[in-house]
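Enquirer: Let me begin by handing over the structure; questions about it come next.
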Amino acid sequence: MIADKTRHRLGTMYLRDQWYVAALSLELEQRPFSRQILGEHVALFRSASGQVVALADQCAHRGYPLSLGTVVGEVLVCGYHGFTYDCAGTCVAVPGQDRIPSKADVRSYRVVEQGLWVWIWMGRGAPDYNKLPETPWLIESDEWSSVSGVAKIEAPFHLLVDNLLDLSHETYLHNGSIGTPEVATTPLEVEVDEENRVVRVFRHMNEVECPPFYSRTTGLEGKVDRWQDIDYFPPGYYLLHARLAPVGQPPLPDGSDDHGFHMKILYGLTPSTETSVYDFWALSRDFCVGDDEIDRFLEKMQAGVVLEDVDALTILQRRGEGTFEVNEVSIKIDRGGLAARRMLMAMYDEAAVQA
Ligand code: FES
Ligand SMILES: [Fe+2]
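Its first residue numbered 31, the sequence shown is counted upward by one per residue in my numbering.
Structural data, given as structure tokens:
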């Protein structure tokens, strides 16, 4: 059982020296928009030259949200009185005078666009690029096709961690799409890599029912081998390697696996506030590459799956807010989630010491 104190800490702390997904690449247009990340309001936009920019969403003059301003070429003009900022947040013009006050700059955040996702460094110091996740599948290629989306959940970050680390819930919560009885009945293995800060959860289901999500897209029918290998990199990045293949045909000893269908299911877990979290997702597949119809199908299915999670976590959170007391009884399926909590707690402790 997770102690109340632990639950409280998981729900109320942020790990700042990390990369988080800030936006889908598709969301970034020249019209700025606002997103609250780790409690901070951030204005995101794309300059005329295509550069992705993230600035504090608060004008230095009177605090008007910069996300309500206008992008003009490579600058953002505040929508209230026209203070003008370049892509680094430096104020380059103010109305009615030539002299620019010395404290008129706003904070800029380091962002990196990698295919379908845009990452943001939320630390105060220089970004640590070694920590930036590599997501080659999200870059359009002849080998991988991807779709992506985002949902906001009115529940704390740690509830989403719990949800993603235990896929047994697919059987019950997502039984019309990705859940089959065998997900819940097949035992899982957990591996904790302390050095590289990864929690791995493996579930290999052999000779099991192929759920609609995959039968429609792979063409496989009847029984299949279905593997789910999770790599969770706390706090904000989760990668599920899904493999579907005809029964009894594992990858060859040299690692090649041409008869398998592979999907990378990525999640970006980005705390918005202490009680809300962004659930960024992307599905990349190495089959039906370039097939728009399959793209639309997967997008729709996955959006439905995510919505079921959104509903479940929102209900849990509402329960937690009332007089209802949550008592947890953990079982074997929770080992991945518990390992993730422990790793996160260690990271919070480290961050607290460094602060
Ligand atoms: S508040 Fe932005 S220019 Fe006045
Ligand atoms: Fe789910």
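C-beta atoms are modelled at their ideal positions from N, C-alpha and C, and glycine is treated no differently.
Roughly how many angstroms lie between the CA atoms of V141 and Y50, to the nearest whole one?
Expert: If you take the alpha carbons of V141 and Y50, they lie about 10 Å apart.
Enquirer: I'd like to know whether the C-beta atoms of G145 and S64 end up nearer to each other than 8 Å.
Expert: No, the pair does not count as a contact, with Cβ atoms beyond the cut-off.
Enquirer: Tell me where the alpha helix (DSSP H) around V335 begins and ends.
Expert: Its alpha helix (DSSP H) spans residues D322 to E351.
Enquirer: At the level of alpha carbons, what is the spacing between D316 and R326?
Expert: The straight-line gap from Cα to Cα measures roughly 16 Å.
Enquirer: Nearer than 7 Å: is that true of the beta carbon of L203 relative to any heavy atom of ligand 2?
Expert: Checking the Cβ of L203 against ligand 2 gives yes.
Enquirer: On the DSSP letters alone, give me the boundaries of the beta strand (DSSP E) that L313 sits inside.
Expert: Per DSSP, L313 belongs to the beta strand (DSSP E) from S306 to R315.
Enquirer: Secondary structure at T216, three-state DSSP: helix, strand or coil?
Expert: DSSP places T216 in coil when its eight states are reduced to three.
Enquirer: Using a Cβ-Cβ cut-off of 6 Å (strictly less than) and excluding sequence neighbours within five positions of H204, which residues of its own chain qualify?
Expert: Cβ within range, chain order: V335 and E338.
Enquirer: Check whether the Cβ of G112 sits closer than 7 Å to any heavy atom of ligand 4, and report yes or no.
Expert: You won't find ligand 4 in this model; what it holds is ligand 1 and ligand 2.
Enquirer: Please tell me whether, using a cut-off of 7 Å, the distance from the CB of R188 to the nearest non-hydrogen atom of ligand 2 is below it.
Expert: The displayed chain sequence assigns His, not Arg, to residue 188. H188 Cβ: outside cutoff for every heavy atom of ligand 2.
Enquirer: Note down, in chain order, each residue of its chain lying with its Cβ closer than 7 Å to the Cβ of H234, except the 5 sequence neighbours on either side.
Expert: Result list for H234: W257, in chain order.
Enquirer: Quick one: what's got a C-beta closer than 7 Å to L346's C-beta in the same chain, skipping five residues either side?
Expert: If we look at L346 and ignore the five residues flanking it on each side, its Cβ neighbours are A185 and L189.
Enquirer: Please confirm whether any heavy atom of ligand 1 lies closer than 7 Å to the CB of R92.
Expert: Checking every heavy atom of ligand 1 against the Cβ of R92, one is found closer than 7 Å.
Enquirer: Tell me, please, whether the region 67-84 touches the region 157-177 by the rule of three or more beta-carbon pairs shorter than 8 Å.
Expert: These segments do not touch.
Enquirer: Per DSSP, which one or two residues make a beta bridge with K182?
Expert: Paired residues: Y308.
Enquirer: Run through the DSSP bridge pairs and tell me what R76 is partnered with.
Expert: Bridge partners of R76: V82.
Enquirer: Could you give the distance in angstroms between the alpha-carbon of D34 and the alpha-carbon of R371?
Expert: Below a pLDDT of 50, predicted positions are generally treated as unreliable, and D34, at 47, falls in that range; the measurement from the model is reported next regardless. Cα-Cα distance, rounded: 13 Å.
Enquirer: To the nearest angstrom, report how far apart A84 and I130 are at their CA atoms.
Expert: Distance between the alpha carbons of A84 and I130 is about 22 Å.
Enquirer: Considering only residues of the same chain and omitting the five flanking positions on each side of A90, which have a CB-CB separation below 7 Å?
Expert: Closer than 7 Å at the Cβ level, and outside the excluded window around A90, lie F113, C121, K133, A134, D135 and V136.
Enquirer: Kindly indicate which residue of F243, Y268, P283 and Q127 has the alpha-carbon position closest to the one of F187.
Expert: Of F243, Y268, P283 and Q127, the residue nearest in Cα terms is Y268.
Enquirer: Report yes if the C-beta of H199 is less than 7 Å from at least one heavy atom of ligand 2; otherwise report no.
Expert: Yes, Cβ of H199 sits closer than 7 Å to a heavy atom of ligand 2.
Enquirer: Could you check the C-alpha separation between R365 and E200 for me, to the nearest Å?
Expert: Taking the straight line from one Cα to the other gives about 16 Å.
Enquirer: Taking C-alpha atoms, which residue in G320, I260 and A385 lies nearest to V177?
Expert: The option with the nearest alpha carbon to V177 is G320.
Enquirer: To which residues does DSSP link W149 through a beta bridge?
Expert: W149 is bridged to V51 and V142.
Enquirer: What residue does the beta strand (DSSP E) around Y94 start on, and which one ends it?
Expert: Segment: none, Y94 is in no beta strand (DSSP E) and carries neither H nor E.
Enquirer: Count the other CB atoms, across all protein chains shown, that sit within 10 Å of the CB of Y244; report buried if there are 16 or more and exposed otherwise.
Expert: So Y244 counts as buried.
Enquirer: Suppose contacts are defined by Cβ-Cβ distances below 8 Å. Is R377 in contact with L45 by that definition?
Expert: Note that residue 377 corresponds to Met in the displayed sequence, not to Arg. Yes, the pair counts as a contact, with Cβ atoms nearer than the cut-off.
Enquirer: If you run the structure through DSSP and keep just helix, strand and coil, what is I363?
Expert: Correct three-state label for I363: helix.
Enquirer: Tell me whether the beta-carbon of W228 lies closer than 8 Å to the beta-carbon of F310.
Expert: It should be pointed out that residue 228 corresponds to Val in this sequence rather than to Trp. Against a cut-off of 8 Å, the Cβ pair of F310 and V228 comes out as no contact.
Enquirer: Identify which residue in V222, F232 and L58 has its Cα closest to the Cα of V148.
Expert: Here the closest residue by C-alpha is L58.
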